[in-house]
Structure formats: C-alpha cells, structure tokens
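K.L.:
Heads up: the first sequence begins at 150 in this note's numbering, then just goes up one per residue. Pasting in a structure now, in structure tokens, and then I'll have a few things to ask.
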Amino acid sequence: MVSATPGNKPKIDLEAMRHSAAHVMAQAVQGLFPEAGLGIGPAIENGFYYDFELPRTLTPEDLPKIETGMRDIVASNTPFQREEVDKASARQLFSSQPYKLELIDELPDAKVSVYRQGSFADLCRGPHVASTAEIGAFKLTSIAGAYWRGDEHRPMLQRIYGVAFETQEALDSHLAKVAEAARRDHRKLGKELELFSLQEEAGPGLVFWHPKGATVRRVIEDFWKAEHIKRGYEMVYTPHVARLDLWKTSGHWDFYRENLYSPMDVEGQEYILKPMNCLGHILIFKTRKRSYRELPWRAAEMGTVYRYERSGVMHGLARVRGFTQDDAHIFCRSDQLQPELVGVLELARFMLTAFGFEEYDIKLSTRPDKYTGSLEMWDKSTEALRQALVQSKLPYEIDEGEGVFYGPKIDIKLKDALGRDWQGPTIQVDFNLPQRFGVVYVNEQGQDEQVVMVHRAVLGSMERFMACLVEHYGGAFPVWLAPQQAAIIPIADRHLDYAHQVEARLREAGLRAAVDARAERMNEKIRVAQVEKIPFMLVVGDREQASATVSVRRLSGEQSGSQSLADFIAMVQEAVRTRKLMI
RNA sequence: GCCAGCGUAGCUCAGAGGUAGAGCAGCGGUUUCGUAAACCGCUGGUCGAUGGUUCGAAUCCAUUCGCUGGCUCCA
Numbered sequence: 150m151v152s153a154t155p156g157n158k159p160k161i162d163l164e165a166m167r168h169s170a171a172h173v174m175a176q177a178v179q180g181l182f183p184e185a186g187l188g189i190g191p192a193i194e195n196g197f198y199y200d201f202e203l204p205r206t207l208t209p210e211d212l213p214k215i216e217t218g219m220r221d222i223v224a225s226n227t228p229f230q231r232e233e234v235d236k237a238s239a240r241q242l243f244s245s246q247p248y249k250l251e252l253i254d255e256l257p258d259a260k261v262s263v264y265r266q267g268s269f270a271d272l273c274r275g276p277h278v279a280s281t282a283e284i285g286a287f288k289l290t291s292i293a294g295a296y297w298r299g300d301e302h303r304p305m306l307q308r309i310y311g312v313a314f315e316t317q318e319a320l321d322s323h324l325a326k327v328a329e330a331a332r333r334d335h336r337k338l339g340k341e342l343e344l345f346s347l348q349e350e351a352g353p354g355l356v357f358w359h360p361k362g363a364t365v366r367r368v369i370e371d372f373w374k375a376e377h378i379k380r381g382y383e384m385v386y387t388p389h390v391a392r393l394d395l396w397k398t399s400g401h402w403d404f405y406r407e408n409l410y411s412p413m414d415v416e417g418q419e420y421i422l423k424p425m426n427c428l429g430h431i432l433i434f435k436t437r438k439r440s441y442r443e444l445p446w447r448a449a450e451m452g453t454v455y456r457y458e459r460s461g462v463m464h465g466l467a468r469v470r471g472f473t474q475d476d477a478h479i480f481c482r483s484d485q486l487q488p489e490l491v492g493v494l495e496l497a498r499f500m501l502t503a504f505g506f507e508e509y510d511i512k513l514s515t516r517p518d519k520y521t522g523s524l525e526m527w528d529k530s531t532e533a534l535r536q537a538l539v540q541s542k543l544p545y546e547i548d549e550g551e552g553v554f555y556g557p558k559i560d561i562k563l564k565d566a567l568g569r570d571w572q573g574p575t576i577q578v579d580f581n582l583p584q585r586f587g588v589v590y591v592n593e594q595g596q597d598e599q600v601v602m603v604h605r606a607v608l609g610s611m612e613r614f615m616a617c618l619v620e621h622y623g624g625a626f627p628v629w630l631a632p633q634q635a636a637i638i639p640i641a642d643r644h645l646d647y648a649h650q651v652e653a654r655l656r657e658a659g660l661r662a663a664v665d666a667r668a669e670r671m672n673e674k675i676r677v678a679q680v681e682k683i684p685f686m687l688v689v690g691d692r693e694q695a696s697a698t699v700s701v702r703r704l705s706g707e708q709s710g711s712q713s714l715a716d717f718i719a720m721v722q723e724a725v726r727t728r729k730l731m732i
C-alpha cells in the first residue's frame, strides 16, 4: 500500500487503481460464476464498475461474497502483467467471451493488449497498478442492469458498482459524503418540510406544491420577474393546449414526438398539451408586422409544459412530467445576437450568484449530425455564442455535435454545496422555428427579414431548481427564501397576547412569521422550529413582554439575547433585501 | 421502456402461512414551564391493487400500479 506523503503527489494513480479493482472484481465474480460473460469494466468517478452476463440475477447478498473474493486476490499480491498479442491469438484467448470478441473486432490496431493477474486475463488498454496489493480501500455499492454498449436493443448485462480510494480514510470520507447527500435528498426533505408531494393517485411525475414550497417558489418567481422586467423582458402568458397542427408546423410532431402526449379531441379537432413555450411567444410576435426598431423583443413566461417521460426516469422534482420553465425567447436581428447573448449570460450569472452558486461548468454544444438550417447560419450563431462567452470572460468547453437539431447552445452546469452538478441555465439559438413560421420583421429597406430567435432558461425549471436548492441548502433556506422566517415562541400562556402582537408587527413588516401557540413547553417549540429549519426563533416571556423585545435564537443555535423588536425587524428586512445567504 | 430491489397506520419501521404491532404524529385531558422532545389516556390499517394456491394469505404464486438504484433519454 502506497500512501501520499505530505507535499508529494500520491504515488498511486487513482484511476489505474480503480480500473485494477474492476479487474479484481471480475476475477472474483468469475470465481463464483466460472461461466460469467465479461462486458466492460472501467474506472469511473469515485470507483469502478464491471458488466457481467451471469447464469442468474445477482442479489445484494452476493456483494459481500464478491468483496471477500476480491480481498483474497488483493492479499495474494499478484502482479498485473501486460502483454501484446495479435488479434488472432486474442480471439483464441477470449473465444468463450462474445463481448470481448466484439471489442477485439472493433479495435483498429493489429495488436491488442491483454492484462493478466494470476489466472485472470482481460482485454484492456490499461494502465494498471503493479500488483493487486496496491489496490486501496474499496466497497461494492450496488447492482444495476445496463445495456451492452448502452444500447437498449442489445442484451442487458448485470453491472456491479464499487467505490475505491487510496486509503480507508478517503473511502470513509466518501461514504460520509454519500450519507450527507442522502440527508439532503430533496425527496426526503420535501416531505419532511412539507414543501411538495408527488401522489400515486394523481400519477407519477406530477407535482403538488404545498404552501411552504409554494411560498419559496413565489419568492423566487417574484425575484425572477422583477429582474427580467428590469432587463427589458416583457411578461406574457400563453395557453397550455393548442391545435396539433401548430406542432406539426413547428416540427415537434416529427422530431419530438416521443415526448408529446397523445392528442385530445376537442369538437373533432386534435389538440395537445404544450411541451414548450416557444410557439406561444412566436404567435404573439406574429400578430402584427414588427419593425426592426422594435427588436430585440424579449418575451418571458413562467411557462408550464408537459412532456412524456418514460416510466423509469422520473426522480423527485428533478425529472417530472409537468414542469414550469423560467422561459424567455428573444427575437432579434442577427447583428443583435451577440450582445443579447452577453446579456443573457450576465443575467444568468447574477441570478445564480443570488442563490449562492459560484462554480459552473460551461459547455458550448455545436452542430449535431442531424440538423436543419444552413451551414453558414450554424457557423455564424456558434461563433456568436462563443464570442459571447469570451466577452463575458467565462471559461467553457466545446461539446462537439451535442447541439439541438435547430441550433447550437450553451449549457451551464452549476455545482451545489456538495460539489454535485446540476443542469442550470441553457441558451439555444434557433433558426428553424423562425423559418418554419415565417417569423420576420421589416428592415430599414422595408423588406421582410427573418428574425434570429434565442430560447433561454436561467433556472431551468422551477421543479428542478427547487430540488437543487433544497439539496444545496440542506433544507435550511436563507431568510429571503425561507417559507417561515421566524417562529414566535411564548414561554407560557400569559405571553400569548404579546406573542401575537409581535407576530402582527412582523407580518406588517412583510415578514413570514407565526406564533407557536400550542399548549407545549418552550423546549418542544424550539425543537420543532429547529426541525422545520426556521431561521429565527423569537422567545418571548416576562422579560421581553416588559421591555418590548424578543429573545433571538438562530437556527445555528446561536443566541443573540434580547433585542428590540424594531431592531430585529430592520435586521431581517435588510437580510431579505440584500438576499443575504448566511445570517 | 429495460434490469434488480421494495410497497404494512399520516411518518419511520417490526411482523415472513394460524386473531395486524411499536415509536413519532393526530385527538382528549393534566401541566404554564427561559433556549432541541412534560405526563396520562385514546383514536387510527380490507398490510398498494386485482386474481390465484390453501381449511386459513400481510406472508406463497401471477398480473398490475407506484417507489428506489441503475441503463437509455432529459428542463
């Protein structure tokens, strides 16, 4: 076991070690199932997996047995040996392994490399650690089905996932992080904090926002609207259903059918639930001739859309069938595209900062194989996106061929408090829809010219963003977002009147506060307020009543003692106004 | 949609062929208390649904709905 020495880089290559662990696991599995078919077994973030074809399905009880087998192999201190063989001998070596044979056939070189540890041999590019003994601390975590080569038309193999780290401490700390993530799971907190629910009776992927979650959402929406209006957006509302023909014209019926719900019959006409908001905004734009002087026109809407999702993919609020996008469409001239994109990026950065997200990964997705529009339009708009990123001094990576069929896009992934990625803002240039719908403006010469259209969402969807926020804050929202900002806790019934006066004053001041008037002891009320993650607890007893003060306890447990009610109100109002993240 | 696991009271869970259980929550009392759970009592479930096996099913089997972890796909 080689460990890091302070100031030095670890001697072990973690990725090679994890990959080696995958081979060891494959050997252990073959020990248990000699006829096991081998798929692939790479290193992944935090660990590794290996795909197997087995005579029976694995159960969780198999994992400890496999782990034991692995530990024996690790203890045996067997060297990993690389050898290069020509394809013919490789085919011979893996003659009983159809998946390996398929891989061999696809490798371009005449020779392939094989790694052996003891009796186990695997087709593999490497690299590996020198010996099985160099594999650090590991744990098998889960079993899952996985299609061979990720193709749902091919056989499903059994995948075993494991995590592996250089030291037991590093593994323990990773497992602790996983446990922390489970504590912050928005599905769990959403239920506990009564933010939202999903109900079997209503159907999967359909969200019920309870008063507390709705409050958080309302605060976000108010902030969002105010900020958009400040930046020259105009708010619109559009219908949730529309004639199917509209979606045929747009191309959605052809390109997006698998996400659309079946048409409904309305007096012999077919209508569908909208999967996107863009068409509504286009129809508003097209109600009259538009002058070049009116552009850019920015139409914004908290638009609720419905998309069919396959039954296995829903996940809490993060993946649902009905959701509300913080959507907007910018209709502009091509020379306005870049400044508009810069404006969107600035808005995105401003809003994300307000919620405490400081780290992003930005991807610029370029033209896919299947696309519409001219190459020239693609090049021009991709360049506009790129220049906008450069001008905004935002580092980015190119995602070659990952754009949507109608145009290139920028995706911003944000990192939450635990360093996990979430899909954030997305900005897409679209020259398909303006063309299909003939979205034009009249230029200086009095001629019709096609507009350039930008689709953009900053938060993504209210549902997914809510999921992200809940996990980011661990359910403890900053004061400006907290569903309840203060709990007023009378010590005895004789303080109830004063408590209600305090409550009235706070509500008057625009704060969300409520008295806990239950016939319970103060300790119980504090406990409940803590569990509900209310930022401020205001204990009021004889002393406070006599002096028109409140005794302030924060969610952190910190007690700042008695404070005049007026001072407290001013302090919280300021925290709300500045959207202070920490109090 | 596919693979695997799981659905028992509002919540968290025990029970694994022989009369449905606990804690918390809720309700009714008593207690009026100074910074994370006062005390006593009570209510509450066709065991996800449907069908089957059995003298007898929460328990075994089939189908179905939902959830969880993945695969594929995505705001």
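Using N, Cα and C, we set each Cβ at its ideal position, and we do this for glycine too.
(1) Quick check on F717: buried or exposed, where buried means 16 or more other Cβ atoms within 10 Å of its Cβ?
(2) Sort R516, V689, A503 and D484 by Cα distance to M602 and report the nearest one.
(3) For M150 and R231, what's the separation of their Cα atoms in angstroms?
(4) Between the C-alpha atoms of I431 and A319, what's the straight-line distance to the nearest angstrom?
(5) Identify which residue in T515, F243 and K682 has its Cα closest to the Cα of E532.
(6) Can you tell me which of the three DSSP states Y509 falls into?
(7) Going by CA-CA distance only, name the one from D258, D565 and W396 that's closest to D235.
(8) Which residues bound the beta strand (DSSP E) around Y420?
(9) Whether or not the segment 278-286 and the segment 218-226 are in contact is what I'm after, with contact meaning three or more pairs of Cβ atoms, one per stretch, closer than 8 Å; do they touch?
(10) Under 8 Å by Cβ, that's how I've got G522 and Q572 pegged, so tell me the actual separation to the nearest angstrom.
(11) Distance check for F434 and Q599, CA to CA, integer angstroms please.
(12) Which stretch, first to last residue, makes up the alpha helix (DSSP H) that contains Y410?
(13) According to DSSP, is A153 part of a helix, a strand, or is it coil?
(14) Hey, how far is the Cα of K158 from the Cα of H168?
(15) Which residues in the same chain have their Cβ closer than 8 Å to the Cβ of L660, if we skip the five residues on either side of it in sequence?
(16) Whose C-beta lies closer than 8 Å to the C-beta of G190 among residues of the same chain, with five residues either side of it excluded?
(17) Do you know how far the Cα of R676 is from the Cα of I378?
(18) Starting from the Cα of F504, find the closest Cα among G429, E407 and V607 and give me that residue.
(19) Kindly identify the DSSP beta-bridge partner or partners of L730.
(20) With H, G and I counted as helix, E and B as strand and the rest as coil, what does DSSP make of E707?
(21) Which one of E707, R380, D371 and L203 has the shortest CA to CA distance from W446?
(22) Identify whether Y248 lies in helix, strand or coil by the three-state DSSP scheme.
(23) May I have a chain-ordered list of the beta strand (DSSP E) segments no shorter than 3 residues that lie completely inside the segment 611-646?
(24) By the three-class DSSP mapping on this structure, what secondary structure does P557 have?
(25) Would N581 be called buried (16 or more neighbouring beta carbons within 10 Å of its own) or exposed?
(26) Do the segment 449-468 and the segment 495-504 touch if we need at least three Cβ pairs shorter than 8 Å?
(27) On the DSSP bridge assignment, give the partners of E598 in chain order.
P.N.:
Quick answer:
(1) For this step, residue 717 is matched to residue 568 along the first sequence. F717 comes out buried.
(2) Along the first sequence, read from residue 1 onward, the residue named residue 602 stands at position 453. Per the Cα distances, D484.
(3) Reading the first sequence from its first residue, position 1 is the one you call residue 150. Reading the first sequence from its first residue, position 82 is the one you call residue 231. Model confidence at M150 stands at a pLDDT of 33, short of 50, so the residue's coordinates are unreliable and nothing is read from them.
(4) Looking up residue 431 in the first sequence gives position 282. Looking up residue 319 in the first sequence gives position 170. Taking the straight line from one Cα to the other gives about 54 Å.
(5) Along the first sequence, read from residue 1 onward, the residue named residue 532 stands at position 383. That would be T515, whose Cα lies nearest to the Cα of E532.
(6) For the purposes of this step, residue 509 is taken as the residue at position 360 of the first sequence. DSSP places Y509 in strand when its eight states are reduced to three.
(7) Reading the first sequence from its first residue, position 86 is the one you call residue 235. Among D258, D565 and W396, the Cα nearest to that of D235 belongs to D258.
(8) Within the first sequence, numbered from 1, the residue matching residue 420 stands at position 271. It spans Q418 to L422 - the beta strand (DSSP E) in which Y420 sits, taken as one unbroken run.
(9) yes
(10) Position 373 of the first sequence, counting from 1, holds the residue named residue 522. Position 423 of the first sequence, counting from 1, holds the residue named residue 572. Not really, about 25 Å apart at Cβ, beyond 8 Å.
(11) Within the first sequence, numbered from 1, the residue matching residue 599 stands at position 450. Within the first sequence, numbered from 1, the residue matching residue 434 stands at position 285. If you take the alpha carbons of Q599 and F434, they lie about 12 Å apart.
(12) As a position in the first sequence, residue 410 is number 261, starting the count at 1. Here Y410 belongs to no alpha helix (DSSP H), and DSSP marks it neither H nor E.
(13) Counting from 1 along the first sequence, the entry for residue 153 is found at position 4. Note that A153 scores 37 on pLDDT, short of 50, meaning its location in the model is unreliable; the coordinates nonetheless yield the value given after this. Three-state DSSP puts A153 in coil, outside helix and strand.
(14) Here residue 158 corresponds to residue number 9 of the first sequence, with the count starting at 1. Here residue 168 corresponds to residue number 19 of the first sequence, with the count starting at 1. Since pLDDT at K158 reaches only 45, below the 50 mark, its modelled position is unreliable, and no value is offered.
(15) One-based indexing of the first sequence puts residue 660 at position 511. So the list reads Q634, A635, I718, V721, Q722 and V725, once near-sequence residues are dropped.
(16) Indexing the first sequence from 1 puts residue 190 at position 41. Excluding sequence neighbours, G190 sits near H168, A171, H172, M174, A175, F197, Y198, Y199, D200 and D271.
(17) As a position in the first sequence, residue 378 is number 229, starting the count at 1. As a position in the first sequence, residue 676 is number 527, starting the count at 1. Their Cα atoms are separated by approximately 41 Å.
(18) Along the first sequence, read from residue 1 onward, the residue named residue 504 stands at position 355. Taking only the C-alpha atoms, the option nearest F504 is V607.
(19) Here residue 730 corresponds to residue number 581 of the first sequence, with the count starting at 1. Looking at the DSSP assignment, L730 forms no beta bridge with any residue, so it has no partner.
(20) As a first step, residue 707 is located in the first sequence; it is residue number 558 there, counting from the start. Coil, per DSSP.
(21) Numbered from its first residue, the first sequence carries residue 446 at position 297. The residue with the shortest Cα to Cα distance from W446 is R380.
(22) For the purposes of this step, residue 248 is identified with residue 99 of the first sequence, where counting begins at 1. In the structure shown, Y248 sits in a helix (DSSP, three-state: H, G or I).
(23) 635-639
(24) One-based indexing of the first sequence puts residue 557 at position 408. Here P557 sits in coil by DSSP.
(25) As a first step, residue 581 must be located in the first sequence, where it is residue number 432. Result: buried.
(26) no
(27) Against the first sequence, residue 598 aligns to sequence position 449. DSSP lists Y590 as partners of E598.
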